[in-house]
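What follows is a set of notes on a single structure, which appears directly below.
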Amino acid sequence: MNPTPVLKLALVDRCQLYVEYQTPLEGLSAYLLPLDTKIGNHEGSFQPGGHGFSFSARNIVLEQNILCAELKTSGGDWWYDQLEVVVNVSTDRTPVSFSVEFRRYDPDRLQGCYNIRLIGQELLAAQYHGPNEKAEDIYIDLKHYLGVKNGAFDRNKRSFSSSVQNAHLIGTTLCATHNDGYPISISLSRVLRLKNGSFSPLRVTKNEDLDYEVLTDLSSRRWLPNSGPPVLINYKQKRAWYLIANCLNSRGSYQESTIRLHDIIGPGDDEMFTFFSEKPIPEHARETRFENGILIASFDAGDDKWIQRSFDLAELVTNEGGALAK
1 MNPTPVLKLA LVDRCQLYVE YQTPLEGLSA YLLPLDTKIG NHEGSFQPGG HGFSFSARNI
61 VLEQNILCAE LKTSGGDWWY DQLEVVVNVS TDRTPVSFSV EFRRYDPDRL QGCYNIRLIG
121 QELLAAQYHG PNEKAEDIYI DLKHYLGVKN GAFDRNKRSF SSSVQNAHLI GTTLCATHND
181 GYPISISLSR VLRLKNGSFS PLRVTKNEDL DYEVLTDLSS RRWLPNSGPP VLINYKQKRA
241 WYLIANCLNS RGSYQESTIR LHDIIGPGDD EMFTFFSEKP IPEHARETRF ENGILIASFD
301 AGDDKWIQRS FDLAELVTNE GGALAK
């Protein structure tokens, strides 16, 4: 049975698949398939061969031949998932034989990403070619979307790096050694997808949680020794700052390194702790600047008051053998 061109594929009444096709002998034909008889929901993932997925689903749509929905887990979280819909029609005999297959779409979720890499143990980076064909770097902190449970990676947990060592990527598979000494791995397409030129977690989250800006220090002051131009990633709502730089190591080559500015705060630095970790920046905050190694930004001090602070990162961060350190 070979795939044949389908004239129309549509979603009807939320969870019924309407298929319209044409064959030489029978002409135009139509078929209506109740998807709840073919697909289930298993903890936020489509389950081909199951049933009743729509009772715990929302935002069900058909994008060309890809079925998309947000599915609820037993814990109350919502997860985005996709299935490829494949229609097969055999026209080599009468009556016509017809079937519909559902295939996992996981491997295609990160299509369009290039140079995918892990910086440090948690910060995922990649390049994406936008509409103007200009390569742009995109980032996401994996610790918020991946953890470890019962000795394996678990996408329902968080802070995986505390349970593993030597995290690294092989293609789009995250590999690591569990603290108990054995290897574990997970495909990133089970955790993330590429959406509108950015990493987007499959666990449904607020869009503003992913809102960040990228600040590159292109000034002539070489404040960070033996490194390329530093980049500062600022997650606005979570008030998380990541400094990234290509650092010269002892082998004479450069490697990407990152450090979270919250992690360089010493005991008693209450003002710096507040600046780097506590107060989020709403949309109307003043512009953040990063040049000559000086970070200048404002934070909300309460009672409609804003406090502007500047920090010389040259006094806080250095390159130690190819890694950023305080």
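Read in order, the letters of the sequence shown are residues 1 to 326 in full-length UniProt numbering. Idealized CB from N, CA, C, for every residue including glycine.
Query raised in the report: In whole angstroms, what separates the C-alpha of His42 from that of Thr73?
Result: 7 Å
Query - Alpha-carbon spacing of Leu7 relative to Ser97, whole angstroms - result: 17 Å
Query - Beta-carbon proximity check, Ser29 vs Thr37, cutoff 8 Å - result: no
Report task. State the beta-bridge partners of Asn41 as determined by DSSP. Result -> Phe46
Report task. With DSSP as the reference, label His144 as helix, strand or coil. Result -> helix
Report task. Let me know the beta strand (DSSP E) ranges lying completely inside the UniProt domain "Cyanovirin-N" (112-197), each 3 residues or longer, listed in chain order. Result -> 113-119, 123-129, 135-141, 147-149, 152-154, 164-170, 173-178, 183-187 and 192-195
Report task. State yes or no: is the C-beta of Arg158 within less than 8 Å of the C-beta of Gly151? Result -> no
Query - Exposed unless 16 or more other CB atoms sit within 10 angstroms - verdict on Gly228 - result: exposed
Report task. Flag this pair as yes or no: are the beta carbons of Trp241 and Arg260 separated by less than 8 Å? Result -> yes
Requested in this report: List the DSSP bridge partners of Gln308.
Outcome: Ser298
Report task. Verify whether the separation of the beta carbon atoms of Trp79 and Leu202 is less than 8 Å. Result -> yes
Query raised in the report: In chain order, what residues of the same chain lie with their CB nearer than 6 Å to the CB of residue 406, ignoring the 5 residues before and after it?
Result: The chain is shown only over 1 to 326; residue 406 falls outside these bounds and no answer can be derived.
**Report entry** DSSP state of residue 381 mapped onto helix, strand, coil
**Finding:** One cannot answer for residue 381 here, as it falls past the ends of the chain, which runs 1 to 326.
**Report entry** First through last residue of the beta strand (DSSP E) which encompasses Asp81
**Finding:** Trp78 to Ser90
Query raised in the report: If you check the beta carbons only, do Leu110 and Arg193 fall under 8 Å apart?
Result: yes
Query raised in the report: Per DSSP, what kind of secondary structure is Leu35 in: helix, strand or coil?
Result: helix
Query raised in the report: Over what stretch of residues does the beta strand (DSSP E) that includes Thr216 continue unbroken?
Result: Tyr212 to Thr216
Query raised in the report: Do you know whose CA, among Gly181, Asn319 and Ala125, lies nearest Leu169's CA?
Result: Ala125
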